[in-house]
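Input: a single structure, listed below in structure tokens.
There are 2 protein chains.
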Amino acid sequence: MLQTRTGKRTAAAAIRIAVDMAKEGLITKAQAVARIDPASLDQLLHPTLDPKAPRTQLARGLPASPGAASGAVVFHAGEAEAKAKLGQEIVLVRIETSPEDIHGMNAAKGILTTRGGMTSHAAVVARGMGRPCVAGAGDLKIDYDAGTMTVGNRVVRAGDAITIDGGTGEVFLGTVPTVKPQLSGDFATLMGWADGFRKIGVRANADTPSDARHAREFGAEGIGLCRTEHMFFEKGRIVAVREMIVAEDEKGRRAALAKLLPMQRNDFVELLKIMEGLPVTIRLLDPPLHEFLPHEDAEMKEVAAAAGVSVMRIREAAAKLFEVNPMLGHRGCRLAITFPEIYEMQARAIFEAAAIVERETGRKVEPEVMIPLVATKRELDILKERIAAVAKEVEAETGIAPAYLLGTMIELPRAALCADEIAETAEFFSFGTNDLTQTCLGLSRDDAGKFLEVYRQKGIFASDPFVSIDVEGVGELVRLGVARGRKTRKGLKCGICGEHGGDPASVHFCAEVGLDYVSCSPFRVPVARLAGAQAALKTAAVRAD
Amino acid sequence: MLQTRTGKRTAAAAIRIAVDMAKEGLITKAQAVARIDPASLDQLLHPTLDPKAPRTQLARGLPASPGAASGAVVFHAGEAEAKAKLGQEIVLVRIETSPEDIHGMNAAKGILTTRGGMTSHAAVVARGMGRPCVAGAGDLKIDYDAGTMTVGNRVVRAGDAITIDGGTGEVFLGTVPTVKPQLSGDFATLMGWADGFRKIGVRANADTPSDARHAREFGAEGIGLCRTEHMFFEKGRIVAVREMIVAEDEKGRRAALAKLLPMQRNDFVELLKIMEGLPVTIRLLDPPLHEFLPHEDAEMKEVAAAAGVSVMRIREAAAKLFEVNPMLGHRGCRLAITFPEIYEMQARAIFEAAAIVERETGRKVEPEVMIPLVATKRELDILKERIAAVAKEVEAETGIAPAYLLGTMIELPRAALCADEIAETAEFFSFGTNDLTQTCLGLSRDDAGKFLEVYRQKGIFASDPFVSIDVEGVGELVRLGVARGRKTRKGLKCGICGEHGGDPASVHFCAEVGLDYVSCSPFRVPVARLAGAQAALKTAAVRAD
Chain H
1 MLQTRTGKRT AAAAIRIAVD MAKEGLITKA QAVARIDPAS LDQLLHPTLD PKAPRTQLAR
61 GLPASPGAAS GAVVFHAGEA EAKAKLGQEI VLVRIETSPE DIHGMNAAKG ILTTRGGMTS
121 HAAVVARGMG RPCVAGAGDL KIDYDAGTMT VGNRVVRAGD AITIDGGTGE VFLGTVPTVK
181 PQLSGDFATL MGWADGFRKI GVRANADTPS DARHAREFGA EGIGLCRTEH MFFEKGRIVA
241 VREMIVAEDE KGRRAALAKL LPMQRNDFVE LLKIMEGLPV TIRLLDPPLH EFLPHEDAEM
301 KEVAAAAGVS VMRIREAAAK LFEVNPMLGH RGCRLAITFP EIYEMQARAI FEAAAIVERE
361 TGRKVEPEVM IPLVATKREL DILKERIAAV AKEVEAETGI APAYLLGTMI ELPRAALCAD
421 EIAETAEFFS FGTNDLTQTC LGLSRDDAGK FLEVYRQKGI FASDPFVSID VEGVGELVRL
481 GVARGRKTRK GLKCGICGEH GGDPASVHFC AEVGLDYVSC SPFRVPVARL AGAQAALKTA
541 AVRAD
Chain G
546 MLQTRTGKRT AAAAIRIAVD MAKEGLITKA QAVARIDPAS LDQLLHPTLD PKAPRTQLAR
606 GLPASPGAAS GAVVFHAGEA EAKAKLGQEI VLVRIETSPE DIHGMNAAKG ILTTRGGMTS
666 HAAVVARGMG RPCVAGAGDL KIDYDAGTMT VGNRVVRAGD AITIDGGTGE VFLGTVPTVK
726 PQLSGDFATL MGWADGFRKI GVRANADTPS DARHAREFGA EGIGLCRTEH MFFEKGRIVA
786 VREMIVAEDE KGRRAALAKL LPMQRNDFVE LLKIMEGLPV TIRLLDPPLH EFLPHEDAEM
846 KEVAAAAGVS VMRIREAAAK LFEVNPMLGH RGCRLAITFP EIYEMQARAI FEAAAIVERE
906 TGRKVEPEVM IPLVATKREL DILKERIAAV AKEVEAETGI APAYLLGTMI ELPRAALCAD
966 EIAETAEFFS FGTNDLTQTC LGLSRDDAGK FLEVYRQKGI FASDPFVSID VEGVGELVRL
1026 GVARGRKTRK GLKCGICGEH GGDPASVHFC AEVGLDYVSC SPFRVPVARL AGAQAALKTA
1086 AVRAD
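As given, the protein sequences belong to chains H and G, one line each in that order.
Sequential numbering of the first sequence, starting at 1, is according to the numbering used here.
Sequential numbering of the second sequence, starting at 546, is according to the numbering used here.
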């Protein structure tokens, strides 16, 4: 792991030298593009600590998401959001984060956790948001009740200022000054050359208008993954989501979903407008429902009141939804097979949004509706029929037949193996290599931290399989999936939307197996663009030999 | 699902008629073997309710393990064991069971749970033990504190007699008389004919001497899976296991393991003697360590005292070992990569046991040492070296070089896909199709109950994939694994040791793909023998066409 400062200086200097040499004709543009390490770009895109500033190190964790950030320590997501609204700069400090903390993470300047690895929830979400993050700083002991974090006999209290450097994993006391990223003209020049060589598309994983704008700024050619559940966690919505979950029957669920429809429709209107006709892949609800339920009494009371049921009923719902292995549980399309009204609401929101955007902009919109966790063709057939029925309804109401593609995530080994059958129904594939890694290797990304480091030391894994794709295992499933899918449907559009989409080695692999695009966090789009160009140059060089 | 009584009469009559007809020359022996439904045998091998006896039904669950049993209701495994020791007949009633309940399940005449499906822990273990079991009788509300189970306004208290029928899923009040299985001469005759036609081997999954004896009585040709962890749960051992888990360092772990060594060695001596030279596959420790930790205060104190640490330390150990998705966690060979001393102790116990048995019986013993949850060749290489070192030590001490085969479970998609590489090290493969089903389909067998029934109704799964192998997905991995493994190592011995080994349709599949043997619960061995014979007859018929 390079030091931030060295890394930053090296990357900027390397780009300047390469561009200068190419301009002077000493090397070709292809050579200029080929000599820059794509991973080094990451450091250029975020603020970093002022190298001259003094600092006092408090602890060290994993460099989970690059960039430096300072702010007052806040231990709870709700408080983080409230303080941020008052204009305060805060760092959210948690033992670990969960999807319920998203709004607090979004409100924070940086995120610090004491548990979890490079692919923990905090790390993955922070990278997606472009928020600096230090994860798994295990020396820090957090006491939520006391509102303190302690290392040795040093105590940091809620409200005290700290600074984190997500590029090195360091945590400092007080505020250390930072330097803003200076994306020089050379950077833009080099990226332009890279795009000229690149064959594989680069999209971004983006769930919010702000993600989508970032994605476009960084050169994304579309959205490869919009996770609709992230929209469900926003204040004012989560209560309706919970109402739906605790509803006694379909009627109750539909009533709650009706409250969500206009909000979800607005989300899509905004996204589709920002993307101006570029492809947008929208994944329907994926996580198990228990992820949305409250854990604290006050919140339970709020949901109970909204849903008109007792707090006991909320507790019962949570107990009933408990899962031993949630990763392998009642989620993805399985939710829609048992509760079809959820995807029906989402499909309606997408189609109505597309109609609005078409009317307002005069530009044709063709969203890609993506079904997660498909294991069998039959699941997809059942849901396709439901979604087609919603499209018919919207057509009857608006007079416009929604144009859309219906596709699926390939994120279970079975789906990759049976891709020939699944492609009879699916109009596109997106390989969800996060989950495919978990299932193919039997490795929970929430738990693997306990032994992954030993595995790396002993040479079992050359690198973290959640960071760089396991070419022999997971890669073999991608290869089989693409080949079998395209046997049925010639030219089937295939992409990847796992965290691997922003990893240079994985981008090379994706180009090699003939994927149409990779999709990654907005802040990693330039990395993927450069890696994609290098893959194309390498292939051309091999052909020329 | 056939009614027990009808089923039993049909199976016995069908066998009698088929054998008579063959003896009279009206049909061939092959035709006699072909016309008996293997699944119907299951009913013949267990006691059933006296059809003439009156009964009052209390509830109904899933017919999880055939046979009828009566006894006093007991809600806790420890109490079940204590009462059984006093000669009382009891039925263990739990919301669900966990590995800690094994001794209580073993002590019980029957098992009743209110949660869980056909492949829940209770169901799987009960079938393995040949204990009648009704699982997932959700109408019954258990109150452990009050010591009651309630349905409507009917309350059954601890100590009250109930009867369960594991063949129908029914639960009755009081004691309903049962009829013992009468395995007529016709049954033995037919099974003899079947063995003459059968090509595929049939072994049993057996962890205890009593399992092994049952297995041989039912005609098993070896043990395909001895789960060594089941030996760890026995009273007097579990404390040493827990001591090992909470030990601060390797020295502490080795001290605790030294206590387990003689017990584990005795287990293997007994098993190897009973099996008289038939193949015995011993799987080294598989479950995550947290499965062995106590949940109750009294037990925590006991472990703390034995290990010489505080109760707080036990709690900390449990918190540290907590996993979000234990199925995909720190288990199988991953334990041995991080704590090699565990498998070293087990390998030593196996080799020393083999030496003792060879000396005492004069018969050569070649145990098959099996490593679980392998994803990469490198894991196997590392552990092979450790085990070989132990073999050298034992040779130096006893003067006899241990003869053994070193093989692996293929239970992760990656292992099946990379079977060519893994077969460079592995001397045999055993497909663990329970876990392979969980990972290939992304389906937790502890959680799938919530939607599997809907999946069956909607035609997504023709049958429960944990009962009958999913030929297109999991089966494809088995096919690839066998083909790739045998490409590297010609004639590689391949078997299957999941629950599927006793399912007739799955046995047909296993025969088709060229597996050498199936291994199943002892009580299902006759089912597998007959299904194996029918598969061979079908193949011969296809060839003759």
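We treat Cβ as the ideally placed atom computed from N, Cα and C, and that holds for glycine.
Requested in this report: Mind the definition here: the segment 301 to 308 of chain H touches the segment 360 to 379 of chain H only if three or more C-beta pairs lie below 8 Å; say whether that holds.
Outcome: Because the criterion of three Cβ pairs below 8 Å is not met, the segment 301 to 308 of chain H and the segment 360 to 379 of chain H do not touch.
Requested in this report: Grab me the residues of ALA604 (chain G)'s own chain with a C-beta within less than 7 Å of its C-beta, minus the 5 sequence neighbours each way, in chain order.
Outcome: Within its own chain, the residues whose Cβ lies closer than 7 Å to the Cβ of ALA604 (chain G), once the five positions on either side in sequence are excluded, are ALA682, ASP684, LEU685, VAL696 and VAL716, listed in chain order.
Query raised in the report: Which residues, in order along the segment 275 to 296 of chain H, keep a beta-carbon less than 7 Å from a beta-carbon of chain G?
Result: Within the segment 275 to 296 of chain H, not one residue has a Cβ closer than 7 Å to any Cβ of chain G.
Requested in this report: State yes or no: is the beta carbon of TYR455 (chain H) nearer than 8 Å to at least one beta carbon in chain G?
Outcome: Look at TYR455 (chain H): its C-beta is under 8 Å from a C-beta on chain G.
Query raised in the report: Taking Cβ positions, are ALA528 (chain H) and VAL202 (chain H) nearer each other than 8 Å?
Result: Yes, the pair counts as a contact, with Cβ atoms nearer than the cut-off.
Query raised in the report: Could you check where the alpha helix (DSSP H) with ILE382 (chain H) kicks off and where it finishes?
Result: Looking at the DSSP string, the run of the alpha helix (DSSP H) that includes ILE382 (chain H) is 377 to 398.
Report task. Locate the alpha helix (DSSP H) running through GLU299 (chain H), then write down its first and last residues. Result -> Element bounds for GLU299 (chain H): 297 to 307.
Query raised in the report: Buried or exposed: where does THR454 (chain H) fall if 16 or more other Cβ atoms within 10 Å of its Cβ makes it buried?
Result: The question names Thr, yet the displayed sequence has Val at residue 454 (chain H). So VAL454 (chain H) counts as exposed.
**Report entry** Unbroken beta strand (DSSP E) run spanning PRO608 (chain G), endpoints
**Finding:** Counting along the chain, the unbroken beta strand (DSSP E) around PRO608 (chain G) starts and ends at 607 to 610.
Report task. Return helix, strand or coil for GLN503 (chain G), following the three-state DSSP convention. Result -> Outside the shown range of chain G, which is 546 to 1090, sits residue 503 (chain G), and nothing can be said about it.
Query raised in the report: Say the cut is 7 Å; is the CB of PRO288 (chain H) nearer than that to a heavy atom of the ligand NAP?
Result: Here there are no bound small molecules, and the ligand NAP is not part of this structure.
Requested in this report: Compare the C-beta of LEU590 (chain G) against all C-beta atoms of chain H and say whether one is closer than 8 Å.
Outcome: No, because no Cβ of chain H sits closer than 8 Å to the Cβ of LEU590 (chain G).
**Report entry** Inter-residue CB distance, ALA993 (chain G) and PRO947 (chain G) (contact presumed, cutoff 8 Å)
**Finding:** With 8 Å as the limit, ALA993 (chain G) and PRO947 (chain G) do not qualify as a contact, their Cβ atoms being about 41 Å apart.
Query - Inter-residue Cα distance where the pair is ILE887 (chain G) and GLY704 (chain G) - result: Cα to Cα, ILE887 (chain G) sits roughly 41 Å from GLY704 (chain G).
**Report entry** Classification of MET857 (chain G) by the beta-carbon crowding that lies within 10 angstroms, buried from 16 upward
**Finding:** Classification of MET857 (chain G): exposed, given that the 10 Å Cβ count is below 16.
Query raised in the report: Which of the residues in the segment 327 to 349 of chain H, read from start to end, lie with their CB under 7 Å from any CB of chain G?
Result: Against chain G - using a Cβ distance shorter than 7 Å - the residues of the segment 327 to 349 of chain H are MET327, LEU328, GLY329, HIS330, ARG334, ILE337 and THR338.
Requested in this report: Pick helix, strand or coil for MET789 (chain G), following the three-state DSSP scheme.
Outcome: Here DSSP, grouped into helix, strand and coil, assigns MET789 (chain G) to helix.
Requested in this report: Over the uninterrupted beta strand (DSSP E) stretch that includes GLY495 (chain H), give me the two end residues.
Outcome: 493 to 496 is the span of the beta strand (DSSP E), which, as asked, contains GLY495 (chain H).
**Report entry** Interfacial residues, the segment 97 to 131 of chain H to chain G, with Cβ spacing under 7 Å
**Finding:** Residues are counted here when their Cβ sits less than 7 Å from a Cβ of chain G; for the segment 97 to 131 of chain H the count is zero.
Query raised in the report: Leaving out five residues before and five after HIS759 (chain G) in sequence, what residues of the same chain have Cβ atoms less than 6 Å from its Cβ?
Result: Answer for HIS759 (chain G): PRO1067, listed in chain order.
**Report entry** Extent of the continuous alpha helix (DSSP H) to which TYR517 (chain H) belongs
**Finding:** Secondary structure note for TYR517 (chain H): it is in no alpha helix (DSSP H), and the uninterrupted beta strand (DSSP E) holding it is 517 to 520.
Requested in this report: Could you name the residues of chain H that PRO917 (chain G) contacts, counting a contact when the two beta carbons are closer than 7 Å?
Outcome: Residues of chain H passing the Cβ test: none, with the nearest at roughly 11 Å.
**Report entry** GLY495 (chain H) versus LEU271 (chain H) - alpha carbon distance
**Finding:** Pairing GLY495 (chain H) with LEU271 (chain H), the inter-Cα distance amounts to about 20 Å.
Query raised in the report: What's the C-alpha gap between HIS621 (chain G) and ARG782 (chain G)?
Result: About 19 Å.
Requested in this report: Closer than 6 Å by C-beta to ALA863 (chain G): which residues in its own chain qualify, once you throw out the five before and the five after it? Chain order, please.
Outcome: Its chain contains LEU838 as the residues whose beta carbon lies nearer than 6 Å to that of ALA863 (chain G), once the 5 sequence neighbours on both sides are disregarded; these appear in chain order.
Query raised in the report: By how many angstroms is the C-alpha of PRO592 (chain G) removed from the C-alpha of ARG561 (chain G)?
Result: So the two alpha carbons sit approximately 19 Å from each other.
**Report entry** Three-state class that DSSP yields for PHE813 (chain G) in the structure shown
**Finding:** Looking at PHE813 (chain G) - three-state DSSP - the assignment turns out to be helix.
Report task. Mark VAL73 (chain H) as exposed unless 16 or more other C-beta atoms lie within 10 angstroms of its C-beta, in which case mark it buried. Result -> Residue environment analysis places VAL73 (chain H) among the buried positions, since at least 16 neighbouring C-beta atoms fall within 10 angstroms of its C-beta.
**Report entry** Identity of the residues DSSP links to VAL369 (chain H) by a beta bridge
**Finding:** Residue pairing by DSSP places VAL369 (chain H) opposite H:ILE282 and H:LEU406 in a beta bridge.
Report task. Closer than 8 Å by C-beta to THR734 (chain G): which residues in its own chain qualify, once you throw out the five before and the five after it? Chain order, please. Result -> Excluding residues up to 5 positions away in sequence, VAL564 lie with their Cβ nearer than 8 Å to the Cβ of THR734 (chain G) in the same chain.
Report task. Could you tell me whether any Cβ in chain G is nearer than 8 Å to the Cβ of ILE422 (chain H)? Result -> Contact with chain G is absent for ILE422 (chain H), since none of that chain's Cβ atoms lies less than 8 Å from the residue's Cβ.
Query raised in the report: So, do the segment 828 to 844 of chain G and the segment 792 to 809 of chain G have three or more beta carbon pairs nearer to each other than 8 Å?
Result: No contact exists between the segment 828 to 844 of chain G and the segment 792 to 809 of chain G.
**Report entry** Inside the segment 412 to 458 of chain H only - alpha helix (DSSP H) runs reaching at least 4 residues
**Finding:** Runs of the alpha helix (DSSP H) inside the segment 412 to 458 of chain H: 413 to 417, 419 to 422, 433 to 441 and 449 to 457.
Query - Stretch pair the segment 455 to 466 of chain H + the segment 237 to 250 of chain H: three plus CB contacts closer than 8 Å - result: The segment 455 to 466 of chain H, when compared against the segment 237 to 250 of chain H, does not touch it at the 8 Å Cβ threshold.
Requested in this report: Taking LYS546 (chain H) as part of the beta strand (DSSP E), name the residues at either end of that continuous run.
Outcome: Nothing about residue 546 (chain H) can be read from this structure; chain H reaches only from 1 to 545.
Report task. Kindly indicate which three-state DSSP category ALA72 (chain H) falls into: helix, strand or coil? Result -> In the structure shown, ALA72 (chain H) falls within a strand segment according to DSSP collapsed to helix, strand and coil.
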